[in-house]
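This report refers to the structure that appears directly beneath it.
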Amino acid sequence: MNKICPTIEDALAGIEDGMSVMIGGFGGAGAPIELIHALVDRYKATGSPGRLTVINNNAGNGAVGIAAMIYAGMVAKMVCSFPRSSDPKAFTDAYLAGKIALELVPQGTLAERIRAGGAGIPAFYTPSSFGTQVAEGKPVAEFDGRSYVQERWLKADVALIKAELADAKGNLTFRKAARNFSPLMAMAAATTIVQASRVVEPGTIDPEHVVTPGIFVDRIVEVPNPAQEEALLREGAK
Amino acid sequence: MNKICPTIEDALAGIEDGMSVMIGGFGGAGAPIELIHALVDRYKATGSPGRLTVINNNAGNGAVGIAAMIYAGMVAKMVCSFPRSSDPKAFTDAYLAGKIALELVPQGTLAERIRAGGAGIPAFYTPSSFGTQVAEGKPVAEFDGRSYVQERWLKADVALIKAELADAKGNLTFRKAARNFSPLMAMAAATTIVQASRVVEPGTIDPEHVVTPGIFVDRIVEVPNPAQEEALLREGAK
Amino acid sequence: MVVKLTNAQIAWRAAQDLPDGAYVNLGIGFPEMIATFKPEGREVTYHTENGILDFGEAPPAGEEDWDLINAGKKAVTLNPGASFFHHADSFAMVRGGHLDVAVLGAYEVAQTGDLANWSTGPGSVPAVGGAMDLVHGARQVWVVTDHVTKKGEPKLLEACRLPLTGVGCVTTVYTSLAVIDIVDRRFVVREKLPSMSLEDLQAVTGALLAVGAAVGDLIVPEL
Amino acid sequence: MVVKLTNAQIAWRAAQDLPDGAYVNLGIGFPEMIATFKPEGREVTYHTENGILDFGEAPPAGEEDWDLINAGKKAVTLNPGASFFHHADSFAMVRGGHLDVAVLGAYEVAQTGDLANWSTGPGSVPAVGGAMDLVHGARQVWVVTDHVTKKGEPKLLEACRLPLTGVGCVTTVYTSLAVIDIVDRRFVVREKLPSMSLEDLQAVTGALLAVGAAVGDLIVPEL
């Protein structure tokens with residue numbers, strides 16, 4: 009049960025055309041840049057995996073990370089709450105040209121749907137989006153005199169996430185606000201693939217401080233000194 | 009916004025007849041013995057608070073903790089998954105005599121209902137208990153060809169919980185498996201009252217290691233070297 | 014001619030109403046300015062959707078940690094007693110009613126409390142973020158906004174025309190001309206610029222204004 | 014006369030089927046014995062509902078930490094790589110399909126996979142614990158049980174008579190006489206005691222037994 013993979017390519021094995029891929033990160037914090045770019049490189053070299061559904065809070069910024077996936081043409085659909093950024097050109101152009109689909113989900117609903125997917129809760133009710141366009145076509149119900157929208161769980165074939173520490177059993181910690189959606193996505197994906205800044209021996213992470221228990225993690229690859237998306241963009245990365 | 013109370017009595021102020029009280033702990037791990045017994049003492053001295061609904065995984069063991077509440081006659085109803093223990097006499101006698109009501113909830117459903125209460129989710133679907141007596145009278149629905157039971161959120165007027173470290177802003181950590189239901193109950197109660205083994209300065213608990221953020225906590229009282237229910241029982245406490 | 018409040022002055026006015034001990038979420042952009050004007054001696058804990066409670070001011074330029082950002086993707090710092098948590102826990106705080114105040118911007122606000130602040134209609138890329146959760150979670154939902162659009166059209170209306178963010182959710186509107194509470198599906202003027210009559214205010218408002226007790230003067234410092 | 018398996022031997026047999034690398038929840042009591050018989054070299058991670066993953070054996074008497082217990086309230090220890098989490102996360106692991114195997118005891122099992130293991134009917138104090146969640150979460154749900162009741166009545170039935178724990182959930186039954194898989198709502202005998210004929214086994218079973226490929230011999234060590 010050693011979940012450590014020797015290379016990024018090993019960690020990413022088995023991601024196929026048409027799969028759904030959850031990608032951790034909120035803005036640049038937590039974006040698993042090395043995993044994403046290895047996948048983009050594979051797509052450019054082999055034409056696969058394409059037609060992906062990508063689930064993330066945002067829809068890429070500049071030309072790195074998810075934006076690079078969109079520019080490469082491997083994303084068929086984005087599921088996100090906020091497909092804008094300081095430089096949203098990659099998504100905006102593709103969306104307005106009809107080359108990419110968008111499922112817009114309120115941020116808290118997105119988080120809860122992913123958690124529900126990981127927790128075996130097929131549907132739940134939330135007040136968020138009641139009475140709005142976003143709720144059109146969804147069942148509604150009243151509880152204690154207040155109206156709610158029924159939302160379904162969200163699962164994925166794969167999650168790509170960035171952790172700070174990881175051990176061979178899959179236990180993870182995150183760095184500051186880079187935590188965001190990643191622990192939820194680890195729960196909700198059939199295969200959870202992690203790039204960790206440092207791999208440590210089991211027992212090194214205090215059992216009280218584990219954020220994602222190993223049961224939610226399938227593969228880990230060590231990526232020391234990982235790129236930080238926002239820092240990359242500010243350095244002028246293209 | 010200093011949430012530290014000078015005495016247990018201050019921390020417990022305002023608990024009234026007929027209230028619902030979530031009490032942390034699974035078996036003896038996490039049972040806030042000092043908070044509970046201060047409340048029992050108050051009831052014995054003043055006759056209040058009585059007619060309480062108590063929410064806990066179990067229903068008391070021996071004659072301490074929740075069992076002491078039941079013996080004192082202050083509990084009208086238990087909401088729990090497993091009203092048995094090594095010495096369940098307090099609850100069993102009261103239940104079979106018709107003096108206490110029981111709402112039996114599967115353990116995972118109990119946890120999820122409490123989380124839902126804290127998270128503003130009025131209802132959710134779970135496969136647990138489908139087709140059983142426990143689901144009688146509850147709405148059912150099919151999702152993707154599988155059947156589920158609709159469950160409602162569970163909230164309470166008060167939560168009594170035991171933490172390891174606490175700071176004045178209400179941030180908490182727990183000790184080992186004493187964590188169990190406590191972080192959920194802190195979210196779901198209108199007033200969350202905590203006994204902490206040690207009160208520390210804000211900033212002492214690493215922001216990455218906070219288990220319950222302060223927003224979920226209202227009052228804290230320091231109880232150094234707290235009693236451990238299981239240890240008490242094994243020492244022959246009456 | 015009435016000199017309307019600047020955004021900074023609107024933010025200042027809203028900040029005066031922050032309750033001591035409150036947990037507050039400030040929306041991206043204009044609402045974030047409110048933190049700058051928090052009255053002395055009042056303790057307010059800020060929440061950001063992306064998983065931080067009790068964050069502080071921006072760090073000095075060059076000292077940013079881009080893993081330590083707020084929902085607007087701006088670098089922040091931590092106060093002692095801060096905590097990190099994942100997005101589901103973060104929105105449990107929001108949706109579960111644990112925030113005292115959420116402050117948002119608006120395209121339109123209706124007298125019913127309906128808010129439109131996420132979409133200007135078809136043709137653009139829609140983006141909703143956390144607004145639809147925030148408006149249904151916090152105990153009070155404040156809007157800070159110019160009283161009228163750039164074209165001079167009223168933003169306070171009988172009913173919103175743009176796509177809604179939430180139904181019946183706004184409790185108070187701090188505008189460039191007035192402070193208006195929403196009570197029983199009516200706009201109730203709490204304060205207005207002293208240089209302006211109620212009739213003047215009514216003239217630039219798209220719904221009937223009610224008056225509760227006395228209408229106070231909306232007085233703010235030069236900023 | 015057939016010498017039926019002891020509980021330890023049933024547990025031993027079930028343990029032989031634990032997949033390498035599996036995440037497993039062992040029910041309170043009899044199922045807990047399975048951990049004792051895990052085959053050498055196979056790595057199994059144990060989960061307990063009350064919020065621990067990767068716990069180990071009981072500590073020596075006198076060294077118990079009663080904040081470090083399993084769902085049966087017995088003291089345990091931690092393996093390197095263990096973690097603590099709250100009850101909602103714990104049952105997310107259960108309900109969310111993250112466990113490979115859950116093992117429970119039974120009063121009755123039906124050929125449909127229905128399980129009754131929590132209530133012997135009216136008159137006693139009902140207690141369900143985590144069983145109703147476990148039976149619908151784990152990828153495989155095993156039952157370990159004597160083949161018949163203390164009175165000699167079949168426990169494997171066409172339909173359960175006692176209140177159900179779950180519908181269509183059991184995948185394999187390890188009894189004192191046989192290993193029986195539930196496939197397409199039928200009991201399919203995988204192994205039986207070699208000293209026993211299929212007719213003998215059928216005679217103490219309350220539903221029709223099917224035979225898949227060959228029926229293997231259920232052979233266990235003296236324990």
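Chains as they are written, first to last, in our numbering: chain A, 9 to 246; chain B, 9 to 246; chain C, 14 to 236; chain D, 14 to 236.
Glycine is no exception: its CB is placed at the ideal position from the N, C-alpha and C atoms.
- Between A245 (chain A) and P210 (chain A), the CB-CB gap reaches or exceeds 8 Å.
- Under the rule that a run must span 3 or more residues, the beta strand (DSSP E) segments found entirely inside the stretch 135 to 211 of chain B read 148 to 151, 154 to 160, 164 to 175, 197 to 208.
- Within the same chain, A88 come within 7 Å of W79 (chain C) by CB-CB distance, once the 5 residues on both sides are set aside.
- When secondary structure is reduced to three states using DSSP, T100 (chain B) falls in the helix class.
- No residue range can be given for D226 (chain A), since it is assigned to no alpha helix (DSSP H) and is classified by DSSP as neither H nor E.
- The continuous alpha helix (DSSP H) containing H100 (chain D) extends over residues 100 to 108.
- V196 (chain C) is bridged by DSSP to C:R199.
- Runs of the beta strand (DSSP E) spanning 3 or more residues and lying entirely within the stretch 33 to 104 of chain B occur at 60 to 63, 83 to 88, in chain order.
- F189 (chain A) has a beta carbon lying at 8 Å or more from every beta carbon in chain B.
- By the 16-neighbour rule on beta-carbons within 10 angstroms, S210 (chain C) is exposed.
- V116 (chain D) has a beta carbon lying at 8 Å or more from every beta carbon in chain B.
- The DSSP-derived three-state label of T49 (chain D) is helix.
- Of the residues assessed, I232 (chain C) falls on the exposed side of the cut-off, its CB having fewer than 16 other CB atoms within 10 angstroms.
- Judged by DSSP secondary structure, Q215 (chain D) falls within the alpha helix (DSSP H) whose first and last residues are 211 to 216.
- Annotation: K164 (chain C) to V217 (chain C) spans about 12 Å, alpha carbon to alpha carbon.
- Cβ contact annotation for I78 (chain A) (same chain, cutoff 6 Å, sequence separation greater than five): G68, A98, F99, A102, in chain order.
- Neighbours of P210 (chain B) in chain C, taken as residues at a C-beta separation under 9 Å, are given in chain order as D67, N92, P93, G94, A95.
- Interface criterion met: the Cβ of G128 (chain B) is under 8 Å from a Cβ in chain A.
- Shortest Cα-Cα distance from G64 (chain C) to any of A:H217, A:E238, A:N188, A:I223 involves A:N188.
- From the listed residues B:T134, B:I129, B:E243, B:I41, the smallest Cα separation to Y133 (chain A) is found for B:I129.
- The beta carbon of Q203 (chain A) does not come within 8 Å of any beta carbon belonging to chain C, so the residue lies off that interface.
- In the DSSP annotation of this structure, the continuous segment of the alpha helix (DSSP H) that includes W25 (chain C) starts and ends at 20 to 29.
- In the structure shown, T117 (chain B) falls within a helical segment according to DSSP collapsed to helix, strand and coil.
- Where I16 (chain B) is concerned, the enclosing alpha helix (DSSP H) starts and stops at 16 to 19.
- Taking the Cβ atoms as the reference, E62 (chain D) lies roughly 7 Å from V107 (chain D), within the contact range of under 8 Å.
- Annotation: the continuous alpha helix (DSSP H) that includes D146 (chain D) extends over 144 to 150.
- With respect to the 8 Å criterion, K11 (chain A) and V225 (chain A) are classified as neighbours on the basis of their beta carbons.
- For L66 (chain D), the enclosing beta strand (DSSP E) stretches over residues 65 to 68.
- When only Cα atoms are considered, S189 (chain C) and V141 (chain C) end up about 25 Å apart.
- No Cβ of chain A is located within less than 8 Å of the beta carbon of G143 (chain D).
- Proximity of M209 (chain C) to chain B, defined by a Cβ-Cβ separation below 8 Å, is not satisfied.
- The DSSP-derived three-state label of P207 (chain C) is coil.
- DSSP assignment within the stretch 120 to 178 of chain C yields the following whole beta strand (DSSP E) runs of 3 residues or more, N-terminal first: 121 to 123, 153 to 158.
- Where E77 (chain C) is concerned, there is no enclosing alpha helix (DSSP H), because DSSP gives it neither an H nor an E.
- Contact annotation: in the stretch 111 to 145 of chain A, residues whose CB is within less than 8 Å of a CB in chain B are E120, A124, A127, G128, I129, P130, A131, F132, Y133, T134, P135.
- Under the three-pair Cβ rule at 8 Å, the stretch 40 to 50 of chain A does not count as touching the stretch 146 to 153 of chain A.
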